[in-house]
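*Asks:* Protein chains in written order, with our numbering: chain E, 1 to 96; chain X, 1001 to 1424. No residue lacks a Cβ here, since even glycine has one placed at the ideal position from N, Cα and C.
1) Using only CA atoms, which one of X:1015, X:1062, X:1111, X:1099 lies nearest to residue 1183 (chain X)?
2) Tell me which residues of the stretch 42 to 75 of chain E have at least one Cβ-Cβ distance to chain X shorter than 7 Å, keeping chain order.
3) Assign residue 1 (chain E) to buried or exposed, taking buried as 16 or more other Cβ atoms, counted over all protein chains shown, within 10 Å of its Cβ.
4) Name the chain X residues whose beta carbon is nearer than 9 Å to that of residue 95 (chain E)?
5) Along chain E, which residues have their Cβ under 7 Å away from the Cβ of residue 1336 (chain X)?
6) How would you label residue 1365 (chain X), buried or exposed, when you count the other beta carbons within 10 angstroms and need 16 or more for buried?
7) At the 8 Å Cβ level, is residue 1367 (chain X) part of the contact set with chain E, yes or no?
8) Do the stretch 27 to 34 of chain E and the stretch 60 to 69 of chain E make contact, defined as three or more Cβ pairs closer than 8 Å?
9) Can you tell me which of X:1050, X:1005, X:1063, X:1055 puts its alpha carbon nearest to the alpha carbon of residue 1032 (chain X)?
10) Measure the C-alpha to C-alpha separation of residue 1358 (chain X) and residue 1419 (chain X) and round it to an integer number of angstroms.
11) Are the C-beta of residue 1244 (chain X) and some C-beta of chain E separated by less than 8 Å?
12) Might you give, ordered along the chain, the residues of its own chain that have their beta carbon closer than 7 Å to the beta carbon of residue 1073 (chain X), omitting 5 neighbours on each side?
13) Listing by chain order, which chain E residues have their CB less than 9 Å from the CB of residue 1227 (chain X)?
14) Give every residue of the same chain whose Cβ lies closer than 6 Å to the Cβ of residue 18 (chain E), excluding the five residues on either side of it in the sequence, and list them in chain order.
15) Would you say residue 84 (chain E) faces chain X, with C-beta separation under 8 Å as the test?
16) Whole angstroms is fine: what's the gap from residue 1036 (chain X)'s alpha carbon to residue 1022 (chain X)'s?
17) In chain E, what lies closer than 8 Å to residue 1376 (chain X) by C-beta?
18) When you compare the CB positions of residue 58 (chain E) and residue 1315 (chain X), do they come within less than 8 Å of one another, or not?
19) Report the option in X:1199, X:1131, X:1402 whose CA atom is closest to the CA atom of residue 1162 (chain X).
20) With 16 other CB atoms within 10 Å as the buried threshold, where does residue 1372 (chain X) fall?
21) Specify whether the stretch 1269 to 1286 of chain X and the stretch 1227 to 1240 of chain X touch according to this definition: at least 3 beta carbon pairs, one from each stretch, less than 8 Å apart.
22) Could you name the residues of chain E that residue 1257 (chain X) contacts, counting a contact when the two beta carbons are closer than 7 Å?
23) Pick helix, strand or coil for residue 1376 (chain X), following the three-state DSSP scheme.
24) Counting contacts by CB-CB distance shorter than 8 Å, is residue 1321 (chain X) in contact with chain E?
25) Less than 6 Å between C-beta atoms, sequence neighbours within five positions excluded: which residues of the same chain meet that for residue 1197 (chain X)?
26) Mind checking residue 1056 (chain X): buried by the 16 CB within 10 Å criterion, or exposed?
27) Give me the chain X residues within the contact set of residue 90 (chain E), using Cβ-Cβ distance strictly less than 8 Å, ordered along the chain.
28) Contact check, residue 1209 (chain X) vs residue 1178 (chain X) under 8 Å by CB: the rounded distance?
29) Using a beta-carbon distance below 8 Å, is residue 12 (chain E) in contact with chain X?
30) At 4 residues or longer, what runs of the alpha helix (DSSP H) sit wholly inside the stretch 1333 to 1382 of chain X?
31) Note down the Cα distance separating residue 1389 (chain X) from residue 1362 (chain X), rounded to an integer number of angstroms.
32) Starting from the beta carbon of residue 1266 (chain X), find every residue of chain E whose beta carbon is closer than 7 Å, and list them in chain order.
33) Check whether chain E comes within 8 Å of residue 1304 (chain X), counting only Cβ atoms and requiring the distance to be less than that.
34) What three-state label does DSSP hand residue 1130 (chain X) in the structure shown?
35) Check this for me: beta carbons of residue 1252 (chain X) and residue 1243 (chain X), under 8 Å apart or not?
36) Please decide whether residue 4 (chain E) counts as near chain X, where near means a Cβ-Cβ distance under 8 Å.
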């Protein structure tokens, strides 16, 4: 599992699923919609060519990689976007 | 602007050495009685709301005894003024008033000014709008050096203050101008400030509004949200503020519009930009739908910020629909909206199957954005899918508020009927 932390989100990639992915749509989307942080190394997405600081600085949190992976790739990538207070809001209303 | 209630403003004035009447706030008749006993003389009981015309609304009363203060507070604390419930009263000593004056410090935005401005009138104690223009004296204040005492004296001469009072008035106005600067005010209005029978100048009222951008410099104010809100801070307002507070990457504004979370006819409202927001409200108003909230994701915000706003909008209970109102052509890259909306709807529609979602997106990168929406939502938008009431529109309806409103209404009626049939 690859975890990439941007300023306010965490990208999790189950890289085991990436071996059989033919499109590598996440990296293409990252290049098209953002700054190309994700690169394909040995068939898997990677940000190893960047330092953690560079990932933070360059990451645009565009969410395109998740959408691309979901609809064109192997559904290996999820992005967690915390929203302060929303869980409490929903719990109070019995919606959680 | 962050606005203070009268009693809060007066507390800050007092801390800065400006004379205010002896008094304190109370939230119950009992507290009001105790405050009146502490003052030990005739008092004024003044309802505290962010609204003008409090006297006309009957929430300012003069009483002689502490028990009368308690009764007056009980009467005022159940009232609502301009939709705002009165939660507190200010109990303060009744002043022996000789004359009332008006002064305010505001920002003069005129191109040749761009500085604070002092306005003064000897016709205080009434609506300043009703005072003849020739009786209101104005002076721009140097933003660097502030109001100097000699300028204040000149000003007071011009305003007709008698010679023997010049020093007193000039000193009073100069001190107020220092407070205005110290607290980073946008508005500081004292109407009236009064001369008492013994010749003292005292602030009998106080309207203090702080520049939102300066709130970070003033932790002492304890301001939770540096925003103009129509009423008290709600949980949704707090969520909205948390989205904005530490993330300056475009706008992600979200606030409650006072819906009751039970009644039908409210729409989760997500416009993109100010002009678009007004057109979206037109769309809703024309067909009798109401916005549960106000939002705005503009200025090219990042996808995560748009996601947070959209998710919060859609999380509101009992809404009859969701409107992404991208009226007008946006310069920002709309594909960030498209990606965020696809993610949110995949997460939220399972909780609200069949919720009407009218998505209007136009502007820069529109074709790519439409492709993301259509491709990303296709699986949900089947005739029996949880997204069966999603409708996607682009530039062909960019200013068509009537059409968008009518589509949303038709879908909302269908949705409500379906829920009613299911007993939900």
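*Replies:* Result, derived from the coordinates:
1) X:1015
2) 60, 61, 62, 63, 64, 66, 67, 71
3) Around the beta carbon of residue 1 (chain E), fewer than 16 other beta carbons sit within 10 angstroms, so the residue counts as exposed.
4) 1315, 1317, 1351
5) The answer, in chain order, is 62.
6) buried
7) no
8) Yes: the two stretches touch, three or more of their Cβ pairs being nearer than 8 Å.
9) X:1063
10) 19 Å
11) It does not: the Cβ of residue 1244 (chain X) has no partner Cβ on chain E nearer than 8 Å.
12) 1026, 1029, 1032, 1045, 1089
13) When 9 Å is used as the limit between beta carbons, residue 1227 (chain X) is near no residue of chain E, the shortest such separation being about 15 Å.
14) 44, 76
15) yes
16) 10 Å
17) 67, 70, 71
18) no
19) X:1199
20) buried
21) Contact fails: fewer than three Cβ-Cβ distances are below 8 Å.
22) Within chain E, no residue comes near residue 1257 (chain X); the closest Cβ sits about 16 Å away, beyond 7 Å.
23) helix
24) no
25) 1096, 1098
26) With fewer than 16 other Cβ atoms from the protein chains shown falling within 10 Å of its own Cβ, residue 1056 (chain X) counts as exposed.
27) Those within 8 Å of residue 90 (chain E) in chain X are 1315.
28) At roughly 17 Å, the Cβ-Cβ gap does not stay under 8 Å, so residue 1209 (chain X) and residue 1178 (chain X) are not in contact.
29) False, the Cβ-Cβ gap to chain X never drops below 8 Å.
30) Secondary structure within the stretch 1333 to 1382 of chain X: the alpha helix (DSSP H) runs of 4 or more consecutive residues, fully enclosed, are 1335 to 1348, 1366 to 1377 (chain order).
31) Roughly 20 Å between the two C-alpha positions.
32) Neighbours of residue 1266 (chain X) on chain E: none; closest Cβ ~14 Å, over 7 Å.
33) Taking Cβ atoms only, chain E reaches closer than 8 Å to residue 1304 (chain X), which makes this a yes.
34) helix
35) yes
36) no
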